[in-house]
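First comes the structure, then the notes that go with it.
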Amino acid sequence: MNFFKNRRILAALVLCCSILTWQALAETPAIAIPIPNFHQVNEHVYRGGQPSPETWEHLAKIGVKTVIDLRREGEEEHSVAQEAEAVKKAGMTYVNVPMKGVVAPTDDQIAKVMALLNTNEPVFVHCKRGSDRTGAVIACYRISHDRWQQKQALQEAKSHGMALFQVGLKRYIMTYQPSM
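For reference, each letter of the sequence shown is one residue, going -26 to -1, 1 to 154 in mature numbering (1 follows the signal peptide of the UniProt record, and there is no 0).
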């Protein structure tokens, strides 16, 4: 009897250690890229803030094929043409889907980004901080691709820094219905 009791204790300890190890690995960022608020969403979608000119090569090295820029021309001296050139020089495709930072995106804007994210090709999506517009886009992606509930998707957006005053973006997430 003592033998079986010790085996059960040992099995429980192994299980606990396995769970703790898995949890620690799940919380560790898989890739370290010098981009503000950079995160890997899944095996082919990455998100973040505005990369510096020297970081495009880092994205290309991890396999990113397409960069989706949510910023508008001239937004705090942002140049769509310069970014497009730098991205192309690094061997990636550049797509600009300009969104205003404080209002909800249009359904057409979200549909265009969803089509790019659903190609199963490595994609990096960004805005200035990687939290508000990017957060809304990734929340919609989670709802449509991963079948998350709106509340769960909004919570993730908040955890990545979506600002309190982003009422339009939050409302859009909470009412977003993916097209079938």
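We put the beta carbon where it would ideally sit given N, CA and C, even for glycine.
{"Asked": "Nearest residue (CA-CA) to S153, options G23, G142, P72 and C114", "Found": "C114"}
{"Asked": "Residues that Q123 bridges to, as DSSP identifies them", "Found": "None, per the DSSP bridge assignment."}
{"Asked": "Residue from P96, A110 and K125 whose Cα sits closest to the Cα of K35", "Found": "P96"}
{"Asked": "Y150 versus K125: straight-line alpha-carbon distance, rounded", "Found": "11 Å"}
{"Asked": "Host alpha helix (DSSP H) of D106 (start-end)", "Found": "Element bounds for D106: n/a, residue is neither H nor E."}
{"Asked": "Backbone CA spacing between F12 and R107 [nearest angstrom]", "Found": "14 Å"}
{"Asked": "Residues near A127 by beta carbon distance below 7 Å, same chain, minus five either side", "Found": "A113, R116, I117 and I147"}
{"Asked": "In DSSP terms, what T67 is bridged to", "Found": "T40"}
{"Asked": "CA-to-CA distance, N92 to K78, given in whole angstroms", "Found": "According to the sequence as given, residue 78 is Ala; it is not Lys. Going from the Cα of A78 to the Cα of N92 covers about 21 Å."}
{"Asked": "F98 - partner residues in DSSP beta bridges", "Found": "Y20 and V41"}
{"Asked": "DSSP three-state assignment for H32, whether helix, strand or coil", "Found": "helix"}
{"Asked": "Minimum C-alpha distance to C101 - residue among N94, Q123, N70 and D81", "Found": "N70"}
{"Asked": "Rounded C-alpha distance that separates P10 from H134", "Found": "11 Å"}
{"Asked": "R103 to G22 span [Cα, whole Å]", "Found": "7 Å"}
{"Asked": "Burial state of F98 (16 or more Cβ within 10 Å)", "Found": "buried"}
{"Asked": "Sequence-distant residues of its chain with Cβ nearer than 8 Å to residue 212 (five each side left out)", "Found": "No information on residue 212 is available, as it lies outside the stretch -26 to 154 that the chain covers here."}
{"Asked": "Beta-carbon proximity of A110 to L143, cut-off 8 Å", "Found": "yes"}
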